[in-house]
Amino acid sequence: MDTRTNGQKQGQTGGKPEAIVLAPHSTAEIAALAERYLTPNYRNAPIVFVDGDGPWGITQDGERFLDFSAGVAVNGLGHNHPDLVAALQDQTQKLIHQSNYWHNAHAAPLAEDLCREFQRATGQAARAFFCNSGAEGTEATVKMARRYHAKVLGKPRPGVITVHGSFHGRTYAAMTATAQPKYQEGFEPLVPGFRYGEFGDLASIAALIDDTVGAVMIEVVQGEGGVAVPPPGFFKGLRQLCDDHGILLCLDEVQTGLGRTGTFFAFEQEGIVPDIIWLAKALGGGIPVGAVLAREPVAMALVAGSHATTFGANALAMRAGRTVLAIFARDGLVAHTAEVGAYLLQALHAAFDGQPYTLDVRGRGLMCGVAIDGDPKKVVDAARDRGLLLSVAGTNVLRLTPPLIVTREHCDLAVAKLRASADSVLLPN
0 MDTRTNGQKQ GQTGGKPEAI VLAPHSTAEI AALAERYLTP NYRNAPIVFV DGDGPWGITQ
60 DGERFLDFSA GVAVNGLGHN HPDLVAALQD QTQKLIHQSN YWHNAHAAPL AEDLCREFQR
120 ATGQAARAFF CNSGAEGTEA TVKMARRYHA KVLGKPRPGV ITVHGSFHGR TYAAMTATAQ
180 PKYQEGFEPL VPGFRYGEFG DLASIAALID DTVGAVMIEV VQGEGGVAVP PPGFFKGLRQ
240 LCDDHGILLC LDEVQTGLGR TGTFFAFEQE GIVPDIIWLA KALGGGIPVG AVLAREPVAM
300 ALVAGSHATT FGANALAMRA GRTVLAIFAR DGLVAHTAEV GAYLLQALHA AFDGQPYTLD
360 VRGRGLMCGV AIDGDPKKVV DAARDRGLLL SVAGTNVLRL TPPLIVTREH CDLAVAKLRA
420 SADSVLLPN
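Going by numbering that gives the first Met the number 0, the first residue of the sequence shown is number 0, and it counts up by one from there.
This is the structure:
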């Protein structure tokens, strides 16, 4: 037993501890170490980021990049937001992790915040389950939906309908739900019970329904599928279809939630009430956090011992989530995203409509895409050479998911860099 009473914490000594110094490595050395020791499942660009400033990423070589990828829509507050940094610094000096056998000071209050947002948007009471990622949220949703039918309603209905072009994560149920063969090849056998319709096509989904189907899982706006926006009325029709057959409507809001599309939840723009949604990405501001929100009767399917995750709801992640939501509310970031997102989409139309390589410009809020006739990876590389970071979605879409703090000036700069990059790659010399 630690019997000290002088305020010292375990591990502290009377003298100043020797500082831990980590060996520095050059960019070339890090690239070589990665080539030698990391599994080759990423194609890392030869850049090492060590710092950031709002919408700017800063490399150890001193280069500044306008970050319109935002860690694939994770860094909603940009880099080094002072309030988030202060909260995390404070929390790391107190408690980072404890077991879910006990409470911490932040998990239940964050659940209250999120469930109140769900009730505001739907009129329905909800419960929250915390995990570490979007993929974990997918897994928890599949388990909750199946257990709800089997144990609460008393009739197993394990079938799950998703749609082609979707992306729900890389773990097994999530990968199976992701109806894109390129993510599944070589990992068979997949999880049984999944079947695939078409995004925006009610008839294709209706054709898959029988009395074994218990859930439809779908993104409101497809991210990895190419920033695909649903046709008007699709989600209202899907909600009615699910109601007619006693099916749970489960919405993947991992990328679209937390204001990304101009409303707190993307489903708010569709005028529907989902049964389950799940969030991640922007919720932790860069700290891994996932959350599943379900209507209370459905959420009660997860009884004690039915599901868990060791790191989920740890104190640091929950403090991050609460701080992110507080900043959103204080600074009006959802309304800001709607306004600046409309400006960005208009600027992209002005820059790319009528270009010989442009197929489409689309998006919602600060989740925009330019579909091109050409190799998008070459355009992304050319943009990086001009100091702009973005990503590829689908097979031919240039995806822009900047931090939600960006200004019109940042958007103007990004669009100018992107247009110059596309022209340099896609137009004849």
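Don't be surprised by glycine CBs; every beta carbon is placed ideally from N, CA and C.
In summary, Pro401 is buried, with 16 or more beta-carbon neighbours lying within 10 Å of its beta-carbon over all protein chains present.
Rounded to the nearest angstrom, the gap between the Cα atoms of Pro230 and Gly199 is 6 angstroms.
Residue pairing for Asp374: DSSP places it in no beta bridge.
By the neighbour-count criterion, in which a residue is buried when 16 or more other Cβ atoms sit within 10 angstroms of its Cβ, Val302 is exposed. When secondary structure is reduced to three states using DSSP, Phe310 falls in the coil class, being assigned neither helix nor strand. Counting only residues of its own chain and dropping the five nearest sequence neighbours on each side, Ile276 has a CB closer than 6 angstroms to the CB of Leu250, Glu252 and Leu292. The stretch 144 to 213 is shown to contain whole alpha helix (DSSP H) runs of 4 or more residues at 171 to 176, 180 to 183 and 201 to 205, in chain order. Of the residues Val405, Ala298, Pro375 and His335, the one whose Cα lies closest to the Cα of Phe129 is Ala298. The C-beta distance from Leu152 to Gly284 rounds to 38 angstroms, too long to fall under 8 angstroms, and the pair is not in contact.
In the structure shown, the three-state DSSP call for Glu218 is strand. Judged by DSSP in its simplified three-state form, Thr58 adopts strand. If you draw a straight line from the Cα of Arg363 to the Cα of Arg407, it is about 16 angstroms long.
Contact between Ala214 and Leu189 fails: their C-beta atoms lie close to 16 angstroms from each other, not under 8 angstroms.
The DSSP assignment places no complete run of the beta strand (DSSP E) inside the stretch 329 to 362 (cut-off: 3 residues). Under the 10 Å beta carbon count, Asp380 is surrounded by fewer than 16 other beta carbons and is classified as exposed. DSSP places Arg126 in the uninterrupted beta strand (DSSP E) bounded by Ala125 to Cys130. Glu138 counts as buried, since at least 16 other C-beta atoms from the protein chains shown sit within 10 angstroms of its C-beta.
Excluding residues up to 5 positions away in sequence, Phe67, Cys367 and Leu389 lie with their Cβ nearer than 6 angstroms to the Cβ of Leu399 in the same chain. Residue Gly53 holds the alpha-carbon nearest to the alpha-carbon of Pro81 among Gly61, Phe263 and Gly53. Distance check between His167 and each of Thr177, Ala300, Gln97 and Ile286 places Thr177 closest, using alpha-carbon atoms only.
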